[in-house]
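Protein chains in written order, with UniProt numbering: chain R, 1 to 369; chain U, 1 to 412. Even glycine gets a Cβ: it sits at the ideal position worked out from N, Cα and C. Keep in mind it's a predicted model, so treat the numbers as computed, not measured.
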Amino acid sequence: MTAVSTPSRRAGSSGLRRGEAAAGWIFTLPVLIILGVFLLIPVLMALWVSFSDWNGRGSPFAGDVGFVGGENYAAITTGGGLAERDFGIALRNNAWYVLLVVPLQTALSLFLAVLVNRAVLRGRGFFRTAFYFPSVTSTVAITVLWLFLFSTSGAINQVLSWIGINGPNWFNEPSGVVHNLLGVFGVTSGPEALTQGTFLGVSWWDWLAGPSVAMSAFVLMAVFTTSGTFMLLFIAALQNLSGDVDEAAMVDGANGWQRFWRVTLPQLKPTLFTVLTLGLIGCWQVFDQIYTGTQGGPGKTTLTPAYLSYNSAFISQEWGQGAAIAFVLFVIIVVFTILQRFLLRDRPVSRRRARQYEVRPAARKGTAR
Amino acid sequence: MTRHTTRVWLGAGTLLVTGSLALTACGSGFDDSGGGSEESADGALTVLIGSSGEAETTAVEEAVAAWSEDSGVDAQVQVANDLPQQLSQGFAAGSPPDLFYLAPEALAGYAENGSIQAYGDELANKDDFYPSLVENFTLDGEFYCAPKDFSTLALIINTDLWAEAGLTDADIPTDWDSLATAAQRLTGDGQVGLAFGAEYQRLGAFMAQAGGGLLVDGQAAANSPENVEALSYVQTHLNDGSFAFAADIGAGWGGEAFGTGAAAMVIEGNWITGTLANDYPDVNYTVAELPQGPAGKGTLQFTNCWGMAADSADQESALALVEYLTGTDQQLTFSEAFGPMPSIESAAGTWTDENPELAAFLAGAEYAQFPPTIAGAADVISDFNAQLESLATGDPQTILDSVQSNLEAIVE
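What follows is the structure in C-alpha cells.
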C-alpha cells in the first residue's frame, strides 16, 4: 500500500504552490507552539536537569548549576548504593507488571470485544457499557476500592474462605509469587549461581521472584480497568472487517475457531499493535495506583520507576537522579515499542507457508480440505 | 527532494524560534527569584501547613489570625495536600511560603541547597526548647528552626483486657522480660499481646533501650551488637505470637489494632489519643513509659519545626510569628486542640497538670532518641523499614549489615 501511495503523494505535493505551504505552516503554528512550550521544552529542560547538579532551588539554568555529565545516570545504574538498588527493584517490579498485564489485558479485551460484537447477543449495549465502565472511573477511586476489596478481612478473602482458601494479606505481603510457587515444591532459596550474581544491585534470584502478592493485586486492577478501553478499539476494528472474507472462509469449510485465528485475528493486526503499544506505555508509566495505594510498600515490591522518579526528586531532593530515571524509562518504552513494531511487521509469506496454498490440481482433485 | 529539505528546515526553524522564545520566557521567570517575594512585599506572610485534620487547621488559623491582629501584619494559612511536593515546587519557582511545617528528615536537603533560613539562634525563647529537640534541628552546629511541638512513643495498655487476663498495676512492664510475660498472658483468642508498625520508627525504641541506635556520635552504628540484640528480642516474640506487626493482624497502624481490640498493648505516640477518643471512645486505656532494656530507658521522639524560607521577604515578621506560635500559651492551646506536646520546658508543668494520664509521653523527652536527619537518611530508613517487614523470617544481623552499608555511604 505504501509503495503505491508514495509516488502519488509526491506528484501532488509538487503541484502545491509556495503560498499554500506558508498558509499550511501558519495553520499548524498554534499546535506547534503549544507542543513546544508544554512538551518539547519541558522535556529538554528535564534532560538538562538529568545531566546537572540542580538541587531544586531557583532556575535549573542559573549560573551556579553545574554540568555533571553522566553522574546521575551512573548513580542509578552502577553506583552500587541504595539508588542503584532502588532502581533495580523498581525495574524488576515493573517488568513483571508489564509481563503480566499487557498479555492479559489484550487477551481479555479481545475476548470481550468478540463476545459483544456477536449479532446474536441480546443487550449488547448493556454489556458494552458495563465492560467499559471501569475505564471511565478514576484510578484513585478504583485504587481505594481495591484496598478495601483486598484487605485481610475484605470481600476477596471472604469469597476465598468459602472454598477453604485462607487468603493472603494482599497489600501487606511482599513475597514474590514465583518464589511462593517454588516454595510449594520445597525450593526456598535459589541456587548459588542465581543468588551470587547481581544486576542493578538486585540478585538474579530476586529478579526472578515474580510480582509480589501486593503487586499481583495491582495487576488484576490494571486488567480490570483498562480492558474496557481496549475492548472499544477491538470492537471498532471488528466492525470494520468485511463480512465477505468471513463468509468465504465459511464456504471453504473453516469452523468458528479456525476463522477466528486464521481469518479475523490477522486482519486485526494494526489494532493489536495499537493496543499492545498503548498497554506497554501505560504499564511502564504506572504511578497513580502506587501513589495513592501503597507508596512502594510492602518491602518496596510495588515501587515502580515512575514513582521512584517522583520520590527521588520531590521527597529526597535528588532532582538529577529523578530526571535520569525518567529518561531511562523513556528509553525503555521506546525500545519496547520499536521491538514490538518489528515483531508485528507485515512479513512476506514464507516459502514453506506458500507451498501449502499452492493448488496442486492432480492430487487435490475433488477433496475438500 | 529539494522542496522536502526546505520544508524540514522551515519546520526546524519554526521550532527553534518558538523554543528560544519560550525558553527566554521561562528563563526570566525562573531567574527572577524575587518574583514571589515581591508579591509578599506588601507584608502578607504565607504559612503552609500539613494538617492532621480540621482541629489542627482551625487552631493554626485562629492563632495566626490573632497574631495578625496584634502585629498588623497580614498572614494567610494554606493547608497542603502534599506538603513535600508543594514545598519543592515553591522553592523551584522561587516563591516559597514564608513559614511552613518542616520535618527533620527534610531539613538536610533544604539546608544543603540554601532553601531555608537558619534562624534558631535569633529566637527570643531559644533556651526554653528541650535540648533534644534543638539538637534534632541542628545541622553542622547551626540551630535551624523552632520545634513546633513533639511526640514520643509510649506503651498504651488496654485496661479491660489487662484486667481480664488477671494482670494488675504491679504487672505493668518495666523491663523486656516483664513486657514479654505480660504480652504472653494477653495473647490468645484472636488477640496479640503487643503490636506496633513494622518500621524503624517503632522498633527503634527497642534499639535505644538496648543501648544502640542508627547513628552514634555522628558515626554509622547500625549493625552494633546492641541493635542486633534488640531486633533478635523482637523477632523471638514475633515468632512466639505474643508480638505482631500491625499490618499482619489486619490493621493499618498500631492505633487501629488497639482500637479494634486486635492488640492489647501497642507502642504508639501521643497522636493515638485523638484516634481513640474519636473512633474508639469505648476503649479504656492507660499510658505507661516504655519498659527498660538492657541499657536502660529508651524511646523515640518525633517533631516538626517551623521552617522559614531563605527567600522570604519579611523574615523579621516571620520570626515574630514563630515566637508567638511557639510561646507557652499558644503551645498549650495547640496541645489541647490537636494533641501534641509543647516543645518548651516552661509549658511542661501546666501540661502535666492538665494531662496527668499522659505524663508518660512527656517523661520520654528526657531520654528520647530521634531518627537520623543527615541528607539521604530518609531513603536509608525506608529501605530499613522495607526489610523490617520480613523480620520474623529474616536475620537481624544481615538486615542491620545492609543498613550499615547504606548509612556509611551517606555519613561523611
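Please look up how many angstroms separate the CB atoms of U:Gln301 and U:Ala368, rounded, as I've assumed it's under 8 Å.
4 Å
Can we say the region 292–311 of chain R touches the region 168–182 of chain R, given the rule of at least three CB pairs closer than 8 Å?
yes
Give a yes or no on whether the minimum CB-CB distance between U:Gln85 and chain R is below 7 Å.
yes
Is the CB of R:Pro174 under 7 Å away from at least one CB in chain U?
yes
Short CB-CB distance (under 7 Å) between R:Gln317 and chain U
yes
Could you say if the region 133–149 of chain R and the region 224–240 of chain R meet the contact criterion of at least three C-beta pairs nearer than 8 Å?
yes
Stretch pair the region 157–166 of chain U + the region 205–219 of chain U: three plus CB contacts closer than 8 Å:
no
For the region 129–168 of chain R, list the alpha helix (DSSP H) runs that are entirely contained and at least 4 residues long, ordered along the chain.
139–149 and 155–162
Which of the three DSSP states is assigned to R:Glu318 in this structure?
coil
Between the Cα of U:Ala365 and the Cα atoms of U:Ser151, U:Thr333 and U:Glu142, which residue gives the shortest distance?
U:Ser151
For R:Leu47, go through chain U and note every residue whose CB falls closer than 7 Å to its CB, in chain order.
Those within 7 Å of R:Leu47 in chain U number zero; the least Cβ separation is about 13 Å.
Take every Cβ of the region 393–408 of chain U, pair it with every Cβ of the region 328–336 of chain R, and state whether three or more of those distances are shorter than 8 Å.
no
Using a Cβ-Cβ cut-off of less than 9 Å, list which residues of the region 302–321 of chain U approach chain R; keep chain order.
Ala310 and Asp311
Test: U:Glu389 CB closer than 7 Å to a CB of chain R
yes
Note the first and the last residue of the continuous alpha helix (DSSP H) segment covering R:Gln240.
The displayed chain sequence assigns Asn, not Gln, to residue 240 of chain R. Taken as a continuous stretch (DSSP letters only), the alpha helix (DSSP H) holding R:Asn240 covers Val213 to Asn240.
Quick check on this structure: which residue in U:Leu215, U:Glu105 and U:Ala262 has the alpha carbon closest to the alpha carbon of residue 417 of chain U?
Within the shown structure, residues of chain U are numbered from 1 to 412, placing residue 417 of chain U beyond reach of any answer.
Just to make sure I have the definition right: I need the residues of chain R whose C-beta is within less than 7 Å of the C-beta of U:Phe91. Which are they?
Gly56 and Arg57
Buried or exposed by the 16-neighbour rule on C-beta atoms within 10 Å, applied to U:Gln117:
buried
Can you name, in chain order, every residue of its own chain whose Cβ lies under 8 Å from the Cβ of U:Glu122, other than the five neighbours on each side?
Leu319
Got a sec, what are the start and stop residues for the beta strand (DSSP E) U:Tyr285 sits in?
Tyr285 to Ala288
Might you give, ordered along the chain, the residues of its own chain that have their beta carbon closer than 8 Å to the beta carbon of U:Asp175, omitting 5 neighbours on each side?
Pro291, Gln292 and Gly293
Would you mind giving the Cβ-Cβ distance between R:Leu194 and R:Trp205, rounded to the nearest angstrom? I have them listed as a contact below 8 Å.
4 Å
Range of the contiguous alpha helix (DSSP H) that encloses U:Cys305:
Segment Thr299 to Met308 is the beta strand (DSSP E) holding U:Cys305; no alpha helix (DSSP H) there.
Is there a C-beta anywhere in chain R that falls below 7 Å from the one on U:Ala263?
no
DSSP state of U:Gly261, grouped into three classes?
coil
Same chain, Cβ closer than 8 Å to R:Arg352, five either side skipped, listed in chain order
none
How many whole angstroms separate the CB atoms of R:Asp53 and R:Gly320, which I take to be in contact at a CB cut-off of 8 Å?
6 Å
Three-way DSSP call (helix, strand, coil) for U:Asp160 in this model:
helix
According to DSSP, R:Ser203 sits in a beta bridge with which residue or residues?
R:Thr198
Return helix, strand or coil for R:Ser109, following the three-state DSSP convention.
helix
Would the beta-carbon of U:Pro372 fall within 7 Å of that of U:Leu214?
yes
Reference U:Glu69, options U:Thr352, U:Tyr324, U:Pro340 and U:Leu155, closest by Cα:
U:Tyr324
Contact list for the region 80–101 of chain R against chain U, Cβ threshold 7 Å
Gly81 and Leu82
Can the beta-carbon of U:Gly120 be found closer than 7 Å to that of U:Tyr101?
no
Would you tell me roughly how many angstroms separate the C-alpha atoms of U:Val411 and U:Asp401, rounded to the nearest one?
15 Å
How would you write the range of the alpha helix (DSSP H) that U:Ile172 sits in, first residue to last?
Per DSSP, U:Ile172 belongs to no alpha helix (DSSP H) and is neither H nor E.
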